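Structure record follows, encoded as structure tokens.
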Amino acid sequence: MPHELVGLAVLAPLLGFLINGLAGSRIKREAVSGWIGSAAVGLSFAIAVALFVDLLGRPAGERTIVVTFLRWITVGSVDVWFAYLIDPLSILMMLIVTGVGFLIHVYSIGYMHGDPGFWRFFAYLNLFIFAMLNLILADNFLLLFLGWEGVGLCSYLLIGFWYDRKFEKGTTGDAAKKAFIVNRIGDFGFLIGMFLIVQTFGTLSFQGVFAQAAGMAAGTPVVLWITLALFLGATGKSAQIPLFVWLPDAMAGPTPVSALIHAATMVTAGVYMVARCSILYALAPVTMDVVAIIGAATALFAATIGLVQNDIKKVLAYSTISQLGYMFLGLGVGAFAAGIFHVMTHAFFKALLFLGSGSVIHALHGEQDIRNMGGLRHHLPLTYRTFLVGALAIAGIPPLAGFFSKDEILWKAFSGGHPALWFVGLLGAALTAFYMFRLVVLTFEGEKRWDATKHPHEAPVTMAAVLVILAVLSVVGGFVGVPASLGGGNAIEHWLEPVFAPAAGVLLEAPHGHDPVEYLLMALSVAVAAGGIVLARKWYLRTRGVPEELARRWKPAYTILLNKYYVDELYDAGVVRPLMGGSEHLLWKRLDVGVIDWTVNALARLVAWIGSMIRRVQTGVTGSYMFIFVLGVVAILGWLLLL
Amino acid sequence: MSVPVAYYLGLSAILFVIGVAGVLTRRNAIVVFMCIELMLNAVNLTLIAFSASLGSITGQALVFFAMAVAAAEAAVGLAIVIALFRNKQTVNIDDINVLKW
Numbered sequence: 000m001p002h003e004l005v006g007l008a009v010l011a012p013l014l015g016f017l018i019n020g021l022a023g024s025r026i027k028r029e030a031v032s033g034w035i036g037s038a039a040v041g042l043s044f045a046i047a048v049a050l051f052v053d054l055l056g057r058p059a060g061e062r063t064i065v066v067t068f069l070r071w072i073t074v075g076s077v078d079v080w081f082a083y084l085i086d087p088l089s090i091l092m093m094l095i096v097t098g099v100g101f102l103i104h105v106y107s108i109g110y111m112h113g114d115p116g117f118w119r120f121f122a123y124l125n126l127f128i129f130a131m132l133n134l135i136l137a138d139n140f141l142l143l144f145l146g147w148e149g150v151g152l153c154s155y156l157l158i159g160f161w162y163d164r165k166f167e168k169g170t171t172g173d174a175a176k177k178a179f180i181v182n183r184i185g186d187f188g189f190l191i192g193m194f195l196i197v198q199t200f201g202t203l204s205f206q207g208v209f210a211q212a213a214g215m216a217a218g219t220p221v222v223l224w225i226t227l228a229l230f231l232g233a234t235g236k237s238a239q240i241p242l243f244v245w246l247p248d249a250m251a252g253p254t255p256v257s258a259l260i261h262a263a264t265m266v267t268a269g270v271y272m273v274a275r276c277s278i279l280y281a282l283a284p285v286t287m288d289v290v291a292i293i294g295a296a297t298a299l300f301a302a303t304i305g306l307v308q309n310d311i312k313k314v315l316a317y318s319t320i321s322q323l324g325y326m327f328l329g330l331g332v333g334a335f336a337a338g339i340f341h342v343m344t345h346a347f348f349k350a351l352l353f354l355g356s357g358s359v360i361h362a363l364h365g366e367q368d369i370r371n372m373g374g375l376r377h378h379l380p381l382t383y384r385t386f387l388v389g390a391l392a393i394a395g396i397p398p399l400a401g402f403f404s405k406d407e408i409l410w411k412a413f414s415g416g417h418p419a420l421w422f423v424g425l426l427g428a429a430l431t432a433f434y435m436f437r438l439v440v441l442t443f444e445g446e447k448r449w450d451a452t453k454h455p456h457e458a459p460v461t462m463a464a465v466l467v468i469l470a471v472l473s474v475v476g477g478f479v480g481v482p483a484s485l486g487g488g489n490a491i492e493h494w495l496e497p498v499f500a501p502a503a504g505v506l507l508e509a510p511h512g513h514d515p516v517e518y519l520l521m522a523l524s525v526a527v528a529a530g531g532i533v534l535a536r537k538w539y540l541r542t543r544g545v546p547e548e549l550a551r552r553w554k555p556a557y558t559i560l561l562n563k564y565y566v567d568e569l570y571d572a573g574v575v576r577p578l579m580g581g582s583e584h585l586l587w588k589r590l591d592v593g594v595i596d597w598t599v600n601a602l603a604r605l606v607a608w609i610g611s612m613i614r615r616v617q618t619g620v621t622g623s624y625m626f627i628f629v630l631g632v633v634a635i636l637g638w639l640l641l642l
Numbered sequence: 000m001s002v003p004v005a006y007y008l009g010l011s012a013i014l015f016v017i018g019v020a021g022v023l024t025r026r027n028a029i030v031v032f033m034c035i036e037l038m039l040n041a042v043n044l045t046l047i048a049f050s051a052s053l054g055s056i057t058g059q060a061l062v063f064f065a066m067a068v069a070a071a072e073a074a075v076g077l078a079i080v081i082a083l084f085r086n087k088q089t090v091n092i093d094d095i096n097v098l099k100w
């Protein structure tokens, strides 16, 4: 089959965006707008499947295809093309993005029903898919960056989608701006990384850079700086410490947006980018340690905050940050395939959880506080069951998807010689199980705590069908990565092997084979997950008052967690206020008004003063003008005569 | 026999100096104006004198140009004087000092 079809896969969502964006207000029927948007992404998914089948039919060594379309920029010796790279990694990401993206488009037809901005919503979603496909299919850093910025823009537009609504202390527009500005800090790192790459390698294409990098010695300083700068970009886009603060606020957007952009796809862009540059990271052991430590720290840090949040979407948001931390932990210990595996399973179960929470919010007419829920299992049986599957998957209960991917990461961390990081990850896994089941119990079980005037109803068929499909994927999605120790083939690792082979060659090979410790660790993580679930059910369902009692006894700790470690306040006091204050009092009132404006005004006054002095020469008396004129003539004549 | 060219030049110089003195000393704008004409004609006389003595037509041609320009200048100048008089009821140039800031 012609691989140029990949161009159509990228352009189809753009076409959907143009149709809905330009003519959407004239399309009177919601269904038309919604299905145009969904069909565009569905077409991309179909092409992704076709390309995947094509790659499957090739030998492992020939699964890298570059499709070149046209020259974009030529600067000096640097050539940048609109070229797409089809290889096992990008096709896997493409399947996730278009597949989950298509499901969420269909879900949105039901969820956004009756919204005045219905067509605008689908236009933005299509634009997002277009940008995301550019990001993952790009053959060079600049095209990747184009997609990177594009998804950031769509994230901004969709967080602020309900621009007239209040959100926490401000409006959704404030949340959108926060996301955009925090991402700018990360993008700064990405740009610096690209500049260094151009300077060092003289090219931006992946093949060119990675081929040259493969010949370099491990620990080369410039590679260290490149990878650190790129990782700063990843911490912004993928919401890691220290730039994670925008993601919880991003929940101001509609729930399908939270599911698609802020859980399943866009936030994994950083993970994808690091995995794509695996050879560069493998050459910088220091950066690898930084990535692993940041990942593990974020995983635990966000999980502790998730324990006490009361907004259903906030809990899921912190859970997303925590799971992204696991992915980076995997990348940092050299288990690139395991990181990408977790991207995939996480896309399934986190999209499911978000869409399930959307179904709950939909049923309760916008209620998001879990203290005002409870007992919904009888009213929303399908949502309850699918949500439960998602919660079990993220908690890491075998044989659901989350178990295999998370355990693979933890095992690789342990066997790679990072037992401390493994322990942090294990602790995070226990907390994950606990807060997820706190959420399940408070939302769906126990007695109802919502108004009797509300009549929760099960979601329409487009939403319900999507929940079921994602639930099935959350159950079976892990079977592509069953480790050899459990008798599986770990298909996904073998599939991604050609992409990560150069990096694996640099890194020390982890011991293969059957290690009894692996079974022990596996049992341990299942045990802590089960313990977390049991404890959550016990505290929030059977014996009452324990959480309140704990909160009373550990009041300082509880307050800190409830306020998210005061990170927002810290950034506000440490960064935002000094910047705003400095801009206002120093840059504006002193530098701009006091120095620049003053200098310009002083120059003008000087010229005016000199003019007022010199104009006295002009007496206006005609006689004196004539006298001076004659004097001038005599002077010129005298001068001519003397010569 | 012809008059030596130096005579013409002497007369011309005298006329010119009278013109200059008039322009610098007289206060009536009309008189100043007439003095300017006097200077122009002094120059014309010089041109004619050289033209005759050198046997060249160029000087005479130039004089015709000068006379044509002088006629135009007289028209403009008198118009300015009339306009001034209408506004200021005077043609005394000491009272006319509006050509300043």
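One line per chain: the protein sequences are L and H, in this order. So in numbering that gives the first Met the number 0, spot 67 of the first sequence is number 66, and the numbers just go up one at a time. So in numbering that gives the first Met the number 0, spot 66 of the second sequence is number 65, and the numbers just go up one at a time. Just so you know, even glycine gets a beta-carbon here, dropped at the ideal spot from N, CA and C. On a predicted model such as this, the values are computed, not experimentally measured, just so you know.
Beta-ladder partner(s) of residue i, from DSSP
{"i": "N27(H)", "result": "N91(H)"}
{"i": "W80(L)", "result": "R70(L)"}
{"i": "G169(L)", "result": "F166(L)"}
{"i": "N96(H)", "result": "Its beta-bridge partners do not exist; DSSP assigns none."}
{"i": "I85(L)", "result": "I64(L)"}
{"i": "D368(L)", "result": "D310(L)"}
{"i": "N139(L)", "result": "S204(L)"}
Cβ-based neighbour list, residue i, same chain, cut-off 8 Å, excluding 5 preceding and 5 following
{"i": "G6(L)", "result": "V66, F68, Y83"}
{"i": "V197(L)", "result": "V77, L203"}
{"i": "L279(L)", "result": "V208, F209, A212, V222, I225, T226, L229"}
{"i": "L306(L)", "result": "L430, F433, Y434, R437, L560"}
Span of the alpha helix (DSSP H), counted from its first residue to its last, around residue i
{"i": "W118(L)", "result": "117 to 136"}
{"i": "N309(L)", "result": "It is not in any alpha helix (DSSP H) - N309(L) carries neither H nor E in the DSSP assignment."}
{"i": "T558(L)", "result": "554 to 561"}
{"i": "S414(L)", "result": "400 to 414"}
{"i": "M265(L)", "result": "Neither: M265(L) is in no alpha helix (DSSP H) and is coded neither H nor E."}
{"i": "G622(L)", "result": "621 to 641"}
{"i": "N600(L)", "result": "597 to 613"}
{"i": "H341(L)", "result": "335 to 362"}
{"i": "K236(L)", "result": "220 to 236"}
{"i": "A283(L)", "result": "From DSSP, A283(L) is part of no alpha helix (DSSP H); its letter is neither H nor E."}
Contacting residues, own chain, Cβ-Cβ under 7 Å from residue i (five flanking each side not counted)
{"i": "R62(L)", "result": "L54, D86, P87, P497"}
{"i": "L145(L)", "result": "N133"}
{"i": "L195(L)", "result": "V221, W224, I225, A228"}
Test item: CB-CB of residue i and residue j under 8 Å
{"i": "G18(H)", "j": "L37(H)", "result": "yes"}
{"i": "V244(L)", "j": "V566(L)", "result": "yes"}
{"i": "F117(L)", "j": "S32(L)", "result": "yes"}
{"i": "L540(L)", "j": "V440(L)", "result": "yes"}
{"i": "A661(L)", "j": "A262(L)", "result": "As displayed, chain L neither begins before 0 nor continues past 642, which places residue 661(L) out of reach and without an answer."}
{"i": "G235(L)", "j": "D186(L)", "result": "yes"}
{"i": "P284(L)", "j": "A216(L)", "result": "no"}
{"i": "Y6(H)", "j": "L44(H)", "result": "no"}
{"i": "L324(L)", "j": "G294(L)", "result": "Checking the displayed sequence, the identity of residue 324(L) turns out to be Gly instead of Leu. In this structure, G294(L) lies closer than 8 Å to G324(L) by Cβ."}
{"i": "L143(L)", "j": "M265(L)", "result": "no"}
{"i": "G619(L)", "j": "K87(H)", "result": "no"}
{"i": "N309(L)", "j": "I393(L)", "result": "no"}
{"i": "A249(L)", "j": "A174(L)", "result": "yes"}
{"i": "V150(L)", "j": "A178(L)", "result": "no"}
Limits of the unbroken beta strand (DSSP E) element including residue i
{"i": "W71(L)", "result": "64 to 74"}
beta-carbon residue i near the ligand HEM non-hydrogen atom, thresh 7 Å
{"i": "L425(L)", "result": "The ligand HEM is absent from the structure shown, which contains no ligands of any kind."}
6 Å Cβ shell around residue i - same chain, five flanking residues per side excluded
{"i": "A11(L)", "result": "A39, L42, S43"}
{"i": "L61(H)", "result": "L46"}
Practice item. Pair every Cβ in the stretch 23 to 31 of chain H with every Cβ in the stretch 86 to 95 of chain H, then say whether three or more of these pairs are closer than 8 Å. Key: yes
Check your understanding: Taking one C-beta from the stretch 420 to 434 of chain L and one from the stretch 340 to 353 of chain L each time, how about it: are there three or more such pairs within less than 8 Å?
Key -> no
Review point. Hey, is the stretch 326 to 339 of chain L in contact with the stretch 406 to 417 of chain L, meaning 3+ C-beta pairs nearer than 8 Å?
Key: yes
Review point. In chain order, what residues of the stretch 612 to 637 of chain L put their CB closer than 7 Å to some CB of chain A?
Key: The structure shown contains no chain A; the protein chains it does contain are L and H.
Point to revise | Stretch pair the stretch 292 to 305 of chain L + the stretch 352 to 369 of chain L: three plus CB contacts closer than 8 Å | key: no
**Study point:** Any 3 or more C-beta pairs closer than 8 Å across the stretch 58 to 76 of chain H and the stretch 598 to 614 of chain L
**Key:** With a cut-off of 8 Å, the stretch 598 to 614 of chain L and the stretch 58 to 76 of chain H do not count as touching, because too few Cβ pairs lie within range.
Review point. Is there contact between the stretch 118 to 129 of chain L and the stretch 10 to 26 of chain L, where contact requires at least three CB pairs shorter than 8 Å?
Key: yes
Check your understanding: So, do the stretch 367 to 382 of chain L and the stretch 445 to 453 of chain L have three or more beta carbon pairs nearer to each other than 8 Å?
Key -> Short answer: they touch.
Check your understanding: When the Cβ atoms of the stretch 472 to 491 of chain L are set against those of the stretch 396 to 404 of chain L, are three or more pairs found closer than 8 Å?
Key -> Taking one beta carbon from each stretch, the stretch 472 to 491 of chain L and the stretch 396 to 404 of chain L have 3 or more pairs nearer than 8 Å; the two touch.
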